[in-house]
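Residue numbering for the sequence shown follows this note's numbering, starting at 244 and increasing by one per position.
All residues carry an ideal CB built from backbone N, CA and C; glycine is no exception.
Here the structure is laid out as structure tokens; the discussion comes afterwards.
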Amino acid sequence: MWKFTVMLFLLLIGGIGGIGIVSLFEGNEIFSGYHAGIAAMVGMIVVLLLFIVAQLHNIESKKD
Numbered sequence: 244m245w246k247f248t249v250m251l252f253l254l255l256i257g258g259i260g261g262i263g264i265v266s267l268f269e270g271n272e273i274f275s276g277y278h279a280g281i282a283a284m285v286g287m288i289v290v291l292l293l294f295i296v297a298q299l300h301n302i303e304s305k306k307d
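So this is what it looks like as structure tokens:
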């Protein structure tokens, strides 16, 4: 259960981080609906990929 909670927290942080990073480059116009959604999705995808890589690394390290 804790892994699911951590994953949801990371997705939330990724979404907020994605919006924050894109708003640095685009200014306040990022908070229009379309751009904010794209930025949040990009942030969440990056966090998901990092989580998958970390899990694969854990699996490989346990094999040894």
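Straight-line spacing of the CA atoms in Gly286 and Lys246 works out to 19 Å. If you draw a straight line from the Cα of Phe252 to the Cα of Leu293, it comes to about 14 Å. Residue burial annotation: Val290 is buried, with at least 16 other C-beta atoms found within 10 angstroms of its C-beta. Excluding five sequence positions before and after Met250, the CB atoms of its chain that fall closer than 8 Å to its own CB belong to Phe294, given in chain order.
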